[in-house]
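Student:
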Amino acid sequence: MYVSEMKVGTSGKVTAIKAASMIKKRLLAMGLTPGTEFKIAKVAPMGDPIEINLRGYRLSLRKSEASCLEADIVGND
Amino acid sequence: MHKIALGGNPNSGKTSVFNALTGSHQHVGNWPGVTVERKEGELKIESERFTLIDLPGTYSLSANSLDEKIARDFIIDKKPELTVIVIDQTNIERNFYLVLEIIEMGRPVLLVLNMDDEAKKMGINVDSDGLSKYLNVSVCKTVANRRLGIDVLKEQIRSAVQSQNKPKVLKFSEKTEKLIEEIEPFFKEHDQDLRRWFAIKALEKDEFLQEILSVEDYEALNQKIEWVEKSIANETDILLAEERYAIIHGIAKEFIKRVLTEEDRERFSTKIDHVVTHRIWGIPIFAGIMWLMFQLAFYIGGYFVDVVDYWFSRFGDYLASVMGNSMFSAFITDAVIGGLGAFAVFLPQLFVLFLFISFLGDIGYMSRAAFVMDKFMHTLGLHGKSFIPMILGFGCTVPGVMAARTLESKKDRVLTILVTPLMSCGARLPVYALLGSVFFAGQEGTITFLLYMIGIVLAIVMARVFKSTFFKNQETLFIMELPPYRWPSARETFGQAFRNSWQFLKKAGTIIFAAVIIIWLLSVFPAGIEAPPQDNFIGDFGRTLEPVFRPLGFKGWEAGVALTFGVLAKEIVVGTFGTLFTGQDFGELAEFAQAGLKGNLIQGLQTVFPNAISAFSFLLFVLIYTPCAAALATIKQEIGWKWMWFTAIYLFVLAYGVSFLFYNIGILFL
Numbered sequence: 009m010y011v012s013e014m015k016v017g018t019s020g021k022v023t024a025i026k027a028a029s030m031i032k033k034r035l036l037a038m039g040l041t042p043g044t045e046f047k048i049a050k051v052a053p054m055g056d057p058i059e060i061n062l063r064g065y066r067l068s069l070r071k072s073e074a075s076c077l078e079a080d081i082v083g084n085d
Numbered sequence: 002m003h004k005i006a007l008g009g010n011p012n013s014g015k016t017s018v019f020n021a022l023t024g025s026h027q028h029v030g031n032w033p034g035v036t037v038e039r040k041e042g043e044l045k046i047e048s049e050r051f052t053l054i055d056l057p058g059t060y061s062l063s064a065n066s067l068d069e070k071i072a073r074d075f076i077i078d079k080k081p082e083l084t085v086i087v088i089d090q091t092n093i094e095r096n097f098y099l100v101l102e103i104i105e106m107g108r109p110v111l112l113v114l115n116m117d118d119e120a121k122k123m124g125i126n127v128d129s130d131g132l133s134k135y136l137n138v139s140v141c142k143t144v145a146n147r148r149l150g151i152d153v154l155k156e157q158i159r160s161a162v163q164s165q166n167k168p169k170v171l172k173f174s175e176k177t178e179k180l181i182e183e184i185e186p187f188f189k190e191h192d193q194d195l196r197r198w199f200a201i202k203a204l205e206k207d208e209f210l211q212e213i214l215s216v217e218d219y220e221a222l223n224q225k226i227e228w229v230e231k232s233i234a235n236e237t238d239i240l241l242a243e244e245r246y247a248i249i250h251g252i253a254k255e256f257i258k259r260v261l262t263e264e265d266r267e268r269f270s271t272k273i274d275h276v277v278t279h280r281i282w283g284i285p286i287f288a289g290i291m292w293l294m295f296q297l298a299f300y301i302g303g304y305f306v307d308v309v310d311y312w313f314s315r316f317g318d319y320l321a322s323v324m325g326n327s328m329f330s331a332f333i334t335d336a337v338i339g340g341l342g343a344f345a346v347f348l349p350q351l352f353v354l355f356l357f358i359s360f361l362g363d364i365g366y367m368s369r370a371a372f373v374m375d376k377f378m379h380t381l382g383l384h385g386k387s388f389i390p391m392i393l394g395f396g397c398t399v400p401g402v403m404a405a406r407t408l409e410s411k412k413d414r415v416l417t418i419l420v421t422p423l424m425s426c427g428a429r430l431p432v433y434a435l436l437g438s439v440f441f442a443g444q445e446g447t448i449t450f451l452l453y454m455i456g457i458v459l460a461i462v463m464a465r466v467f468k469s470t471f472f473k474n475q476e477t478l479f480i481m482e483l484p485p486y487r488w489p490s491a492r493e494t495f496g497q498a499f500r501n502s503w504q505f506l507k508k509a510g511t512i513i514f515a516a517v518i519i520i521w522l523l524s525v526f527p528a529g530i531e532a533p534p535q536d537n538f539i540g541d542f543g544r545t546l547e548p549v550f551r552p553l554g555f556k557g558w559e560a561g562v563a564l565t566f567g568v569l570a571k572e573i574v575v576g577t578f579g580t581l582f583t584g585q586d587f588g589e590l591a592e593f594a595q596a597g598l599k600g601n602l603i604q605g606l607q608t609v610f611p612n613a614i615s616a617f618s619f620l621l622f623v624l625i626y627t628p629c630a631a632a633l634a635t636i637k638q639e640i641g642w643k644w645m646w647f648t649a650i651y652l653f654v655l656a657y658g659v660s661f662l663f664y665n666i667g668i669l670f671l
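Read top to bottom, the protein sequences are chains S and F.
Per our numbering: the first sequence = residues 9 to 85.
Per our numbering: the second sequence = residues 2 to 671.
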């Protein structure tokens, strides 16, 4: 499923990145490589962007950017 | 002089390291051809002198953004003798991505493991000796905002520059190394030291290679990459990122010891975030912080305004009494002292706003504010980070324009700056108050509110217009770190506010000063100081402008003169009307009333604006037209002459159009 569809509190593992070069490069640099585990931590008050936790830090991204990432759910709070 | 570069992630404390190394020996300018801030500083270690160039803070060097391209081109083309990379030790894994990319360039590198205090608290212990031996680079631990470890760092910089040791080549997997080997021959005509780096960039499908390869070679290279991707069933750029993180993982396992598993600071940040970016409370809290900021700025700033104003006029009076009544003394007291006073009075307020902004940035709130507001701003075609500059615009356009620096992309920066003057600043308020009380007695509040709202609506409309004309299809990402909350160091926060104020004084000061003097000269020549301004050039100017403004409903040359003076500072519009109609220069209607001149002023205004429609048309014009000299000077400093002129002209045209439409439609209903 797309990361943008995941609920707050769920954890996932990146399976694929399907994005234009600019977004892809940034996502990769931020550590969202295939196999990386992350957790959906928060949604902003107006429903977008979202905050995810990975590699020991917090990352914010818009839902449109999160929809470039596919992931498997691995856990739920 | 040795040339060294300073790189690092945003929020890594790079600025603290820069300040700690260079102290007050800093120059701020722009990178050639672009309006990205370029800071350069000097430092002396023993008897050797070094120039330290602060590269833009970036997460990587893939040249996606202008910042990344600047940083990368500098290391490749200008060949600094050393690149110092600042690393947030509490987030070492992601910070190391940039380190690996810089190491791949094969130039001498020094690693600064910053925030050692926080790392210790979190139980993170990096074996810097081991890391140093493994990578063949110097590694130094610091707490830069408390100036700890800086002497050792200086010594290491000196010896690293001397030794010119190159970092170890970090090998990718065997398969990838083979691919690199196969691609290297494409660059056989290029610098041998850079061939490996070019090959890596080729695997990352970096478009700049187009510029250094022939058309045929570039085509062949692309075919090769395509073929490779098919054979490995993966994209090569993803493969490289995966392998870099694998290398980082290996390094972390070898050299980083974590004593505690629970990360206290993380839990602390999470707790604050629960409140600050809460679904319901997030926006009210943001609004509250902004309210507090303005209260403080106007309370503290307002107190100093009176103090500064008092001393400047005392000083002016003193000089006048010493020098007597001559053209020269009038020049010194009115133009020079008056001109200095004109921007000195609002420096205290600016300083408080700058202080607040740097404090909010240092504790880590700014990125949360952007996070909370992004959805709204993005639908307007702006970025979450545009909100703070625009809000600041309600206080004063100057700090608003300067705060737009936090925006990463030039497009967002320019867009935000172009519309920030439409946020009705504090200086326009006296004009609303004066005309409101004369033409809309009892309704001043509604009129003022209406003007603020019109400004906001126009800003939204213009943002959309500019976005779809100048910046079509240019999206900026919101993929960024939300740094942990940190208690800032007073030295850094105050230092930043002082530097911003000083920069404003130095860069904007000259322009404002020049504008004050030009307008003063226009108002005393050729008839002299004794003559009322209308007999001088400024009067001619007003009369020339009169037919221009007549279609907006302004019946008299005084409006043109007031608006011309208003370019110095919007509140001067009030004083100008006062001088023209009563011979007295007061700031508020109450003061005119006290002097028994209220009648003259009202009468004068009623001649120029025969009805409420024309008065409101004038208010609309004051709201929208060309920002004051200080704002223009700041715009020039931030995004260049071209955009400054554009802002000045487009706002004038917009003001004219809006007032024209309002007046001509309005009088039909009168």
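By construction, the Cβ of each residue, glycine as well, lies at the ideal position given by its N, Cα and C atoms.
Note that the structure is predicted; figures quoted are calculated from it, not measured.
#1: Just the chain F side, please: which residues come within less than 7 Å of TYR65 (chain S) by C-beta, in chain order?
#2: Within 10 angstroms of its Cβ, does VAL277 (chain F) collect 16 or more other Cβ (buried), or is it exposed?
#3: Closest to LEU35 (chain S) by C-alpha separation, out of S:LYS50, S:LEU62, S:THR18, S:VAL82, would be which residue?
#4: Are there any heavy atoms of the ligand NAP lying less than 7 Å away from the beta-carbon of LEU35 (chain S), as far as the coordinates show?
#5: What is the C-beta distance between PRO390 (chain F) and ALA404 (chain F), in whole angstroms, given that I count them as a contact (C-beta under 8 Å)?
#6: When the Cα atoms are used, what is the spatial distance from ILE93 (chain F) to LEU112 (chain F)?
#7: Would THR23 (chain F) and GLY42 (chain F) be called neighbours here (beta carbons separated by less than 8 Å)?
#8: In the stretch 9 to 43 of chain S, which residue ranges form an unbroken alpha helix (DSSP H) of at least 4 residues, counting only runs that do not cross its ends?
#9: With 16 other CB atoms within 10 Å as the buried threshold, where does THR511 (chain F) fall?
#10: Tell whether a beta-carbon distance below 8 Å holds between ASN115 (chain F) and GLY8 (chain F).
#11: Closer than 9 Å by beta-carbon distance: list the chain F residues that pair up with GLU59 (chain S), in chain order.
#12: Flag this pair as yes or no: are the beta carbons of THR41 (chain S) and GLU243 (chain F) separated by less than 8 Å?
#13: Which first and last residues belong to the alpha helix (DSSP H) in which TYR219 (chain F) is found?
#14: What are the partner residues of HIS3 (chain F), as DSSP defines its beta bridges?
#15: Would you report the Cα separation of VAL140 (chain F) and GLU183 (chain F), rounded to the nearest angstrom?
#16: Just to make sure I have the definition right: I need the residues of chain F whose C-beta is within less than 8 Å of the C-beta of SER31 (chain S). Which are they?
#17: Alpha carbons only, please: which of F:LEU341, F:ALA145, F:GLY579, F:ALA247 is nearest the one belonging to GLU493 (chain F)?
#18: Going along chain S in order, which residues have a C-beta closer than 7 Å to the C-beta of GLU243 (chain F)?
#19: Ordered along the chain, which non-local residues of its own chain (more than five positions away) have a Cβ less than 6 Å from that of ALA428 (chain F)?
#20: Pick out whichever of F:SER327, F:VAL466, F:GLU592, F:VAL373 has its Cα sitting closest to the Cα of VAL51 (chain S).
#21: One question on the structure: do GLY567 (chain F) and VAL623 (chain F) come within less than 8 Å of each other, judged by their Cβ atoms?
#22: Exposed or buried, which one is SER275 (chain F) when buried takes at least 16 other CB atoms within 10 Å?
#23: Count the other CB atoms within 10 Å of the CB of GLN296 (chain F); is the residue buried (16 or more) or exposed (fewer)?
#24: Which residue or residues does DSSP assign as beta-bridge partners of ALA79 (chain S)?
#25: Quick check on GLN296 (chain F): does DSSP put it in helix, strand or coil?
#26: Going by beta-carbon coordinates alone, are PHE619 (chain F) and LEU436 (chain F) separated by less than 8 Å?
#27: Compute the Euclidean distance between the alpha carbons of VAL138 (chain F) and ASP55 (chain F), then round it to the nearest angstrom.
#28: Are the stretch 120 to 139 of chain F and the stretch 209 to 228 of chain F touching, with three or more C-beta to C-beta distances below 8 Å?
#29: Taking 8 Å as the threshold, find out whether the stretch 24 to 31 of chain S comes into contact with the stretch 67 to 85 of chain S through three or more Cβ pairs.
#30: CA-CA distance, LEU62 (chain F) and ALA253 (chain F)?
#31: List, in chain order, every chain F residue whose beta-carbon is nearer than 8 Å to that of LEU35 (chain S).
#32: SER19 (chain S) touches chain F at which residues, Cβ-Cβ below 9 Å?
#33: When the cut-off is 8 Å and only beta carbons count, does ILE48 (chain S) lie next to chain F?
Tutor: So, to answer that:
#1: Against the first sequence, residue 65 (chain S) aligns to sequence position 57. Going along chain F in sequence order, the residues near TYR65 (chain S) (Cβ under 7 Å) are ASN92, ARG95, GLU482.
#2: Counting from one through the second sequence, the residue named residue 277 (chain F) turns up at place 276. The residue in question, VAL277 (chain F), is buried, as its Cβ has 16 or more Cβ neighbours within 10 Å.
#3: Mapped onto the first sequence, residue 35 (chain S) falls at position 27. It is S:LEU62.
#4: With respect to the ligand NAP, the structure shown offers nothing to examine, as it has no ligands at all.
#5: On the second sequence, position 389 is the one that residue 390 (chain F) refers to. On the second sequence, position 403 is the one that residue 404 (chain F) refers to. 4 Å between Cβ atoms; contact.
#6: Within the second sequence, the letter at position 92 stands for residue 93 (chain F). Within the second sequence, the letter at position 111 stands for residue 112 (chain F). Distance between the alpha carbons of ILE93 (chain F) and LEU112 (chain F) is about 12 Å.
#7: To locate residue 23 (chain F), count along the second sequence from 1; it is residue 22. To locate residue 42 (chain F), count along the second sequence from 1; it is residue 41. A contact, by the Cβ cut-off of 8 Å.
#8: 29 to 37
#9: As a first step, residue 511 (chain F) must be located in the second sequence, where it is residue number 510. When all chains shown are included, THR511 (chain F) counts as exposed.
#10: Within the second sequence, residue 115 (chain F) is the residue found at index 114, counting from 1. Within the second sequence, residue 8 (chain F) is the residue found at index 7, counting from 1. No, the Cβ-Cβ distance between ASN115 (chain F) and GLY8 (chain F) is not below 8 Å.
#11: The residue given as residue 59 (chain S) occupies position 51 in the first sequence. Result: ASP274, THR278, PHE372, LEU483.
#12: Position 33 of the first sequence, counting from 1, holds the residue named residue 41 (chain S). Position 242 of the second sequence, counting from 1, holds the residue named residue 243 (chain F). Yes, the pair counts as a contact, with Cβ atoms nearer than the cut-off.
#13: Here the question's residue 219 (chain F) lines up with position 218 in the second sequence. Counting along the chain, TYR219 (chain F) sits inside the alpha helix (DSSP H) bounded by residues 216 to 233.
#14: To locate residue 3 (chain F), count along the second sequence from 1; it is residue 2. DSSP output for HIS3 (chain F) lists F:PHE51 as bridge partner(s).
#15: Within the second sequence, the letter at position 139 stands for residue 140 (chain F). Within the second sequence, the letter at position 182 stands for residue 183 (chain F). Distance between the alpha carbons of VAL140 (chain F) and GLU183 (chain F): 33 Å.
#16: For the purposes of this step, residue 31 (chain S) is identified with residue 23 of the first sequence, where counting begins at 1. Reading off the sequence, residue 31 (chain S) comes out as Ile, not Ser. LEU478, ILE480, listed in chain order.
#17: Reading the second sequence from its first residue, position 492 is the one you call residue 493 (chain F). Of all alpha-carbon atoms in F:LEU341, F:ALA145, F:GLY579, F:ALA247, the one lying nearest the alpha-carbon of GLU493 (chain F) is that of F:ALA145.
#18: Position 242 of the second sequence, counted from the start, is the residue given in the question as residue 243 (chain F). Going along chain S in sequence order, the residues near GLU243 (chain F) (Cβ under 7 Å) are THR41, PRO42.
#19: The sequence position of residue 428 (chain F) within the second sequence is 427, counting from 1. So the list reads ALA570, LYS571, GLU572, once near-sequence residues are dropped.
#20: What you label residue 51 (chain S) is simply residue 43 of the first sequence in a count that begins at 1. Selected option, being the one with the closest Cα: F:VAL373.
#21: Numbered from its first residue, the second sequence carries residue 567 (chain F) at position 566. Numbered from its first residue, the second sequence carries residue 623 (chain F) at position 622. Yes, the pair counts as a contact, with Cβ atoms nearer than the cut-off.
#22: What you label residue 275 (chain F) is simply residue 274 of the second sequence in a count that begins at 1. Ser is not the amino acid found at residue 275 (chain F); the sequence shown has His there. By the Cβ neighbour-count rule, HIS275 (chain F) is exposed, with fewer than 16 other Cβ atoms within 10 Å of its own.
#23: Here residue 296 (chain F) corresponds to residue number 295 of the second sequence, with the count starting at 1. That one is exposed.
#24: Along the first sequence, read from residue 1 onward, the residue named residue 79 (chain S) stands at position 71. Under DSSP, ALA79 (chain S) forms a beta bridge with S:VAL22.
#25: Taking the second sequence and counting its residues from 1, the one referred to as residue 296 (chain F) is at position 295. It is helical.
#26: Counting from 1 along the second sequence, the entry for residue 619 (chain F) is found at position 618. Counting from 1 along the second sequence, the entry for residue 436 (chain F) is found at position 435. Note that the C-beta distance between PHE619 (chain F) and LEU436 (chain F) is below 8 Å.
#27: Working through the second sequence from its first residue, we reach residue 138 (chain F) at position 137. Working through the second sequence from its first residue, we reach residue 55 (chain F) at position 54. Going from the Cα of VAL138 (chain F) to the Cα of ASP55 (chain F) covers about 20 Å.
#28: Contact between the stretch 120 to 139 of chain F and the stretch 209 to 228 of chain F is absent: fewer than three C-beta pairs spanning the two stretches fall below 8 Å.
#29: Two segments are said to touch when three or more pairs of C-beta atoms, one from each, lie closer than 8 Å; by this definition the stretch 24 to 31 of chain S touches the stretch 67 to 85 of chain S.
#30: Taking the first residue of the second sequence as position 1, residue 62 (chain F) is located at position 61. Taking the first residue of the second sequence as position 1, residue 253 (chain F) is located at position 252. The alpha-carbon atoms of LEU62 (chain F) and ALA253 (chain F) are separated by roughly 21 Å.
#31: The residue you call residue 35 (chain S) lines up with position 27 of the first sequence. By Cβ distance, chain F contributes ILE480.
#32: Against the first sequence, residue 19 (chain S) aligns to sequence position 11. Those do not exist, as SER19 (chain S) stays about 15 Å from chain F at its closest Cβ, beyond 9 Å.
#33: Taking the first sequence and counting its residues from 1, one reaches residue 48 (chain S) at position 40. Chain F contact via Cβ: absent.
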